[in-house]
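Numbering follows my numbering, in which position 57 of the sequence shown is assigned residue number 1125; successive positions increment by one, without gaps.
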Amino acid sequence: MTNFIIPFIILITVVVFIHEYGHYYFARRYGVGITDFSIGFGREIFGWKDKSGTRWKICWIPLGGYVKFFGDRNVFSQSEQEELIKKYSESDRNKLFILKPLYQRALVVAAGPIANFILAIFIFSFIYMFSGKDLTPAVITEVQKDSPAFVGGLKKNDRILSIDGNKVDSIMQVSTFIATSTNDTIEFVVLRDTQEKILIVKPNYVESTDSLGNKINKRMVGIKLSSFNGETNHVKLGPAKAIYY
């Protein structure tokens, strides 16, 4: 049980710290007063106060955290805001979150999720760089009759090595490279048996609808892909490819 609980607490602590630090960073950047930076909820286990007056603390319940702003209150109306402002001096008013411009408040609120998003990219990139990732080679399993691929000479069991000079490491890249090609024709380099062949395919354009409901013309060549006998390649990725994947 301990083997599960301790790593879980460490993971939650890191994720919460990064999330809350995102809020904290932009709040400090825009001059918002911060009274507390807490990892966990409930009674404080230990903590300290920095030069700016922020109390950094670890609490008993490690299921979240919070950053508390100076004068933090749920203010819903103009009259409540005016009443709150009267309680503070001019210098203290400059620290109030509710008096900051809308774009600054929006950045402070959004900074936590953005920080976690960046953390996730970093973690997976780190894993792919040092542990590696399984990539599935792109092998053609079907060429539709009279399709651009059929006319261009692509055949079943051809392994796609590159598209328009872009190396194909994974089956997932094929549709992307076809869609982003800007030429009238697409150059495929394939491995057939033991020989590499260069084939030129002129794609068809098929009208489709994207996720926003917009009409788009998709490039289609008329092939179906899969791995060959479940084959995968385990490779370590460089920084750029690690972020891409």
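Don't be surprised by glycine CBs; every beta carbon is placed ideally from N, CA and C. Small disclaimer: the values here were computed from a predicted structure and weren't measured.
If you follow the beta strand (DSSP E) that residue i is part of, which residue opens it and which one closes it?
i            : result
residue 1104 : 1102 to 1117
residue 1132 : 1123 to 1137
residue 1230 : 1227 to 1231
residue 1159 : Per DSSP, residue 1159 belongs to no beta strand (DSSP E); it is in the alpha helix (DSSP H), 1158 to 1161.
residue 1209 : 1207 to 1211
residue 1276 : 1272 to 1277
residue 1256 : 1254 to 1260
residue 1267 : 1263 to 1269
Rounded to a whole number of angstroms, what is the C-alpha to C-alpha distance between residue i and residue j?
i            : j            : result
residue 1279 : residue 1247 : 16 Å
residue 1294 : residue 1128 : 51 Å
residue 1126 : residue 1113 : 6 Å
residue 1173 : residue 1139 : 15 Å
residue 1281 : residue 1225 : 36 Å
residue 1116 : residue 1076 : 25 Å
residue 1210 : residue 1234 : 22 Å
residue 1096 : residue 1158 : 18 Å
residue 1073 : residue 1131 : 12 Å
residue 1119 : residue 1101 : 12 Å
residue 1232 : residue 1255 : 5 Å
residue 1292 : residue 1228 : 12 Å
residue 1238 : residue 1259 : 14 Å
residue 1217 : residue 1190 : 39 Å
residue 1177 : residue 1166 : 12 Å
residue 1156 : residue 1185 : 37 Å
Identify whether residue i lies in helix, strand or coil by the three-state DSSP scheme.
i            : result
residue 1240 : coil
residue 1098 : coil
residue 1171 : helix
residue 1234 : strand
residue 1289 : coil
residue 1144 : With a pLDDT of 49 at residue 1144, under the threshold of 50, the modelled position of this residue cannot be trusted; read the value that follows with caution. Residue 1144: coil per DSSP, three-state reduction.
residue 1187 : helix
For residue i, does the count of other Cβ atoms within 10 angstroms reach 16, so buried, or fall short, so exposed?
i            : result
residue 1271 : buried
residue 1203 : buried
residue 1222 : buried
residue 1194 : exposed
residue 1220 : buried
residue 1182 : exposed
residue 1092 : buried
residue 1179 : buried
residue 1094 : buried
residue 1122 : buried
residue 1263 : exposed
residue 1133 : buried
residue 1109 : exposed
Flag this pair as yes or no: are the beta carbons of residue i and residue j separated by less than 8 Å?
i            : j            : result
residue 1136 : residue 1104 : yes
residue 1253 : residue 1236 : no
residue 1098 : residue 1168 : yes
residue 1107 : residue 1083 : no
residue 1207 : residue 1230 : no
residue 1215 : residue 1290 : yes
residue 1276 : residue 1284 : yes
Got a sec, what are the start and stop residues for the alpha helix (DSSP H) residue i sits in?
i            : result
residue 1219 : 1216 to 1220
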